[in-house]
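Notes for the one structure printed next.
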Amino acid sequence: MTEERKHYTTQLSAGLGLINETKILLNLWDSALDSSSLFQAALNSGEFATVSARRLKNIVLECFAPRYLADDALPATLLKHHQSLFSSNEFNQLLCLYTCRANAILADFIRQVYWVQYSSGYETLTNDDAKEFVARAVEEGKTKKTWSESTIKKVSSYLTGCCSDFGFLEKIRKSERKLLPVHLELKVAAILIHDLHFSGLGDNAAISHKDWGIFGLEPEDVRSELKRLSLKNYLMIQSAGDVTRIGWKFKHMEEVLDVIAQGRF
353 MTEERKHYTT QLSAGLGLIN ETKILLNLWD SALDSSSLFQ AALNSGEFAT VSARRLKNIV
413 LECFAPRYLA DDALPATLLK HHQSLFSSNE FNQLLCLYTC RANAILADFI RQVYWVQYSS
473 GYETLTNDDA KEFVARAVEE GKTKKTWSES TIKKVSSYLT GCCSDFGFLE KIRKSERKLL
533 PVHLELKVAA ILIHDLHFSG LGDNAAISHK DWGIFGLEPE DVRSELKRLS LKNYLMIQSA
593 GDVTRIGWKF KHMEEVLDVI AQGRF
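Going left to right, the sequence shown walks through residues 353 to 617 as our numbering numbers them.
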């Protein structure tokens with residue numbers, strides 16, 4: 353798992369959630385294909401007959417590759433070979449996680465705007481809320497260069513569109529959308545905590561990692577999720593105040609997935 357501070361980009365202009373497109377590309381992808389080869393395979397497959405070659409290239413190179421071929425293609429490998437283990441909602445949450453990792457602006461928008469609105473009791477989120485977030489980010493130097501007003505407006509719409517695709521906002525396109533409740537699925541929690549652990553993070557660093565915030569979880573909430581996992585024998589957990597020790601049972605993600613396949617949920 354790559355961990356670095358990224359500038360905000362307009363990369364979402366190439367594609368938002370792309371859930372159906374991602375499923376098709378996963379079916380076409382294998383470990384022998386890099387992003388350019390995958391584009392050619394997709395182009396020749398006939399699966400994207402209504403999509404222009406230029407648009408398809410952007411989807412593969414600007415969306416699929418940074419989201420799912422990062423970290424030696426571990427996300428793509430997991431999703432391709434184990435998709436049947438996950439419900440539609442679980443699968444979409446994994447797509448959301450990897451999309452947020454590749455697009456810091458989306459991750460921060462969900463954490464700083466969606467969840468703040470939701471926890472404050474608001475029922476809707478507006479285009480102006482998104483636009484204010486983007487404009488403030490530009491002012492704070494979170495983009496490599498200053499964005500024009502039109503770019504700010506476009507990126508704002510990409511953010512709300514992505515949130516709609518991943519189930520945070522209603523799908524009706526309008527200037528004010530209803531906030532939808534999002535609850536982290538336990539299988540996704542199992543994948544995430546082990547992914548953070550296998551990346552080399554210590555127990556408490558993994559528990560306080562910002563990825564949990566995408567699903568509205570604070571460290572104490574994460575500990576509660578881990579206790580649920582411990583009841584299903586995925587790990588052992590001991591907490592004393594803010595210090596937590598985890599007893600890990602698996603050495604590789606494949607072992608975690610094997611146990612999920614055995615139906616421990």
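Heads up, the beta-carbon is just placed ideally off N, CA and C, and yes, glycines get one too.
Just so you know, these numbers come straight off a predicted model, no measurement behind them.
Residue burial classification, residue i (beta-carbon count within 10 angstroms, cutoff 16)
i: Glu373; result: buried
i: Gln590; result: exposed
i: Thr354; result: Legend: pLDDT at Thr354 = 49, less than 50; position of this residue unreliable, value from coordinates given subsequently. Answer is exposed; the Cβ neighbour count stays below 16.
i: Glu572; result: exposed
i: Leu449; result: buried
i: Leu477; result: buried
i: Ile411; result: buried
i: Asn396; result: exposed
i: Gln392; result: exposed
i: Ile612; result: buried
i: Pro533; result: exposed
i: Val595; result: exposed
i: Glu414; result: buried
i: Gly367; result: buried
i: Ile524; result: exposed
i: Ser500; result: exposed
Beta-carbon spacing of residue i, residue j below 8 Å
i: Glu606; j: Glu537; result: no
i: Leu569; j: Ala558; result: no
i: Ser387; j: Leu421; result: yes
i: Thr451; j: Ala482; result: no
i: Leu390; j: Leu377; result: yes
i: Lys506; j: Tyr360; result: no
i: Phe416; j: Lys539; result: no
i: Lys603; j: Tyr586; result: no
i: Ile543; j: Leu447; result: no
i: His546; j: Val608; result: yes
i: Asn341; j: Ser440; result: Residue 341 is absent from the structure shown; the chain starts at 353 and stops at 617.
Limits of the unbroken alpha helix (DSSP H) element including residue i
i: Gln469; result: Trp467 to Ser471
i: Leu477; result: From DSSP, Leu477 is part of no alpha helix (DSSP H) but of the beta strand (DSSP E) over Thr476 to Thr478.
i: Ser509; result: Glu501 to Asp517
i: Gln435; result: Looking at the DSSP string, Gln435 is not in any alpha helix (DSSP H), and its letter there is neither H nor E.
i: Tyr420; result: Ala417 to Tyr420
i: Ile411; result: Segment: none, Ile411 is in no alpha helix (DSSP H) and carries neither H nor E.
i: Gln392; result: Ser387 to Ser397
Host beta strand (DSSP E) of residue i (start-end)
i: Ala592; result: Leu587 to Ala592
i: Glu528; result: Glu528 to Lys530
i: Gly599; result: Val595 to Trp600
Same chain only: Cβ atoms within 8 Å of residue i, ignoring 5 sequence neighbours per side
i: Thr498; result: Val490
i: Phe520; result: Ile462, Tyr466, Leu531, Leu532 and Val534
Sequence-distant residues of its chain with Cβ nearer than 6 Å to residue i (five each side left out)
i: Gly369; result: Cys514, Asp517 and Phe518
i: Glu577; result: Ala541
i: Arg463; result: Gly565
Residues of its chain near residue i, where Cβ-Cβ distance is below 7 Å and the 5 sequence neighbours each way are ignored
i: Phe400; result: Ala394 and Leu408
i: Asn556; result: Val595 and Thr596
Examine the Cβ distances between the segment 452-464 and the segment 561-571 and report whether three or more of them are shorter than 8 Å.
The answer is yes - the segment 561-571 touches the segment 452-464, with three or more Cβ pairs under 8 Å.
Between the segment 378-394 and the segment 418-435, do at least 3 Cβ pairs fall closer than 8 Å?
Verdict: yes, contact present.
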